[in-house]
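Residue numbers (this note's numbering): 165 to 454.
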């Protein structure tokens, strides 16, 4: 976890998807043939600029990361973003990157999403037609702080066979803003549900400020570090196929400060989803006096 929270050994190139008619960015190692690749979906009312450091981090570990910017408005569609994730993977899988020194292995691809984008990532990984696009055989799915979207999500999750990683705040397994537990329970393939203590979905979003010039991206540094590490390790094992990182896909493995939730027998939630939205705190149990 400590090693993967730091930048990887590869120099990174950045490109603009506009050259192929799609809004968004792509980050890739400076060179490499047959590299693994991921498509990254943004949360609601955000775009790839809010994940620049995270995308850069994946590329520094040898993974091509492509992030489309469509469906970033108020009336965004999870199905529409899922289709864009599939299109983005098709583009980087068949077009040489950089100066032709970088290519992607179409058999080693995965999807990652944050919030609203986590739903799109799961839809993109499902074994069904999405907006006229056929299914893409992905090797790994990472849903970071997933948020409820439309009624098609959970049925589609049951059609996903690739290994999955779901990450949520420790107190936000099933709320109005988070569906991490229902998503993990509906997931068709092997899945690990991990929790981050005292974390919220917005902690992952980056903000470009004056502090960015000294390496501070505006996100919660502790949460960002944990997400970088656990997600990179999971992708290196599932998408890149590196057995060294097998523990990141194992629900029995303890990874740093992250917790693990048993999706078959989850812990009881302290307050119901609506009460959580209203800010109701769990009642503290008082010991009986003798």
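Glycine included, every Cβ here is placed at the ideal spot set by N, Cα and C.
Residue of the options minimising C-alpha distance to residue i
i, options, result
"residue 206", "218, 200 and 196", "218"
"residue 292", "323, 309, 270 and 278", "323"
"residue 353", "316, 359 and 402", "402"
"residue 420", "426, 203, 257 and 392", "392"
"residue 270", "192, 360, 170 and 198", "198"
"residue 258", "285, 228 and 246", "228"
"residue 428", "249, 165, 247 and 347", "347"
"residue 345", "321, 204 and 385", "321"
"residue 225", "193, 268, 237 and 315", "193"
"residue 333", "417, 388, 260 and 175", "388"
"residue 325", "290, 416 and 316", "290"
"residue 327", "336, 360 and 415", "415"
"residue 335", "358, 183 and 185", "358"
Sub-9 Å separation of residue i and residue j beta-carbons
i, j, result
"residue 266", "residue 181", "no"
"residue 422", "residue 331", "yes"
"residue 287", "residue 306", "no"
"residue 368", "residue 309", "yes"
"residue 356", "residue 303", "no"
"residue 463", "residue 431", "Coverage of the chain is limited to positions 165 through 454, which leaves residue 463 absent and any answer about it impossible."
"residue 275", "residue 253", "yes"
"residue 399", "residue 222", "yes"
"residue 296", "residue 240", "no"
"residue 256", "residue 238", "no"
"residue 363", "residue 285", "no"
Where residue i sits in the DSSP three-state scheme
i, result
"residue 399", "helix"
"residue 191", "strand"
"residue 308", "strand"
"residue 362", "coil"
"residue 202", "strand"
"residue 376", "Here residue 376 scores only 49 on pLDDT, less than 50, and its place in the model is too uncertain to base an answer on."
"residue 232", "strand"
"residue 168", "coil"
"residue 175", "coil"
"residue 153", "Residue 153 is absent from the structure shown; the chain starts at 165 and stops at 454."
"residue 180", "strand"
"residue 423", "strand"
"residue 387", "helix"
"residue 417", "coil"
"residue 214", "helix"
"residue 367", "helix"
"residue 393", "helix"
Nonlocal neighbours in the same chain, by C-beta distance under 6 Å from residue i, ignoring five residues either side
i, result
"residue 244", "235"
"residue 168", "393, 396 and 397"
"residue 318", "350"
"residue 173", "none"
"residue 171", "224"
"residue 408", "none"
Beta-carbon proximity list for residue i, same chain, < 7 Å, skipping 5 on both sides
i, result
"residue 233", "187, 188, 211 and 212"
"residue 216", "370"
"residue 313", "242, 280 and 283"
"residue 374", "Because the pLDDT of residue 374 is 49, which lies under 50, any placement of that residue in the model is unreliable, and the number read from its coordinates should be weighed accordingly. Nothing meets the Cβ criterion."
"residue 294", "243, 246, 247, 250, 287 and 288"
"residue 417", "411"
Contacting residues, own chain, Cβ-Cβ under 8 Å from residue i (five flanking each side not counted)
i, result
"residue 272", "198, 199, 200, 201, 303, 403, 404 and 405"
"residue 311", "207, 208, 279, 280, 282, 283, 341, 342, 343 and 365"
"residue 195", "262, 265 and 266"
Any chain B beta carbon closer than 9 Å to residue i
i, result
"residue 334", "The structure shown contains no chain B, having only a single protein chain."
Which residue spans inside the stretch 241-286 form an unbroken alpha helix (DSSP H) run of at least 4? 242-258
Note down, one range per segment and in chain order, each alpha helix (DSSP H) of at least 4 residues found wholly within the stretch 292-356. Secondary structure in the stretch 292-356: the alpha helix (DSSP H) runs of 4 residues or longer, each lying completely within the stretch, are 317-321 and 344-350 in chain order.
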